[in-house]
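Using this note's numbering, read the sequence shown as starting at 270 and increasing by one per residue.
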Amino acid sequence: MLKGLVGLIDRLFAVMGALAFSQFPLFIQQYQQNLLGHVEELKIQLQAMQSAASVTGKSLQQYIVKFLNSADTDFQLQGALMNNMVERYYTLNDSFQALQEASIYFKPFLFIKYGDWKIAKLTWQSYKIGISFTSEGAIYAGIGVIVGVAIYGLLSKLIKGLWGYYYQAEEKSRI
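Here it is, written out as structure tokens:
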């Protein structure tokens, strides 16, 4: 009976690991969609600024520098805001491109390196759990099985060690 229960528990850990890890490709897909939305919105804003700059024959950078070098603090702040928008566009676009072009094995590392945590948090808040039937989902599910079984193995060794320590202490107290 106990062996059957132990066998069931290790399978439960394997299934939980597979389900947990198979969520990664789905989360990344939703994250990339949100990221692309931010990139596209910034692109629209930059195009509007570029149009305004071209009216007076300036490049976007010259236009921003004019604001930054103004004696008026309000214009300086507007220049800083525009400059931050340009920088954010390039940062988010580079992040999107890196994830888009990455192999399935490197996506987690690139997500950690280039991910925008505000966008990731927003993605997580609206994330819907699902099952991925792609090869990427299957690979991550397989990794999850291995991790789940490994966690079960570590926990069972820890429990057996503590259990054995408890019984040894109890035996010594009887003597």
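Virtual Cβ for every residue (Gly too), placed ideally from N, Cα, C.
Proximity to residue 338 [Cα-Cα], best of 349, 369, 428 = 349
Where do the ends of the alpha helix (DSSP H) carrying residue 389 lie?
-> 386-395
Starting from the C-beta of residue 367, find all residues in its chain whose C-beta is less than 6 Å away, skip the five residues before and the five after it, and write them out in chain order.
-> 379, 383
Determine, using beta-carbon pairs with one atom in the segment 280-295 and one in the segment 409-422, whether at least three such pairs fall under 8 Å.
-> yes
Taking Cβ positions, are residue 355 and residue 315 nearer each other than 8 Å?
-> yes
Considering only residues of the same chain and omitting the five flanking positions on each side of residue 414, which have a CB-CB separation below 7 Å?
-> 283, 286, 287
For residue 377, collect the residues of the same chain with a Cβ closer than 8 Å to its Cβ; drop the 5 residues on either side in sequence, then sort them by chain order.
-> 293
In chain order, what residues of the same chain lie with their CB nearer than 7 Å to the CB of residue 396, ignoring the 5 residues before and after it?
-> 296, 299
Closest to residue 281 by CA distance: which of 430, 428, 427, 416 is it?
-> 416
Mind checking residue 304: buried by the 16 CB within 10 Å criterion, or exposed?
-> buried
Could you give the DSSP three-state label for residue 417: helix, strand or coil?
-> helix
Would you tell me roughly how many angstroms separate the C-alpha atoms of residue 373 and residue 394, rounded to the nearest one?
-> 24 Å
Spatial neighbours of residue 330 in its chain, beta-carbon cut-off 6 Å, leaving aside the 5 residues before and after | none
Look at the alpha carbon of residue 424 and the alpha carbon of residue 411, and state the distance between them as a whole number of angstroms.
-> 20 Å
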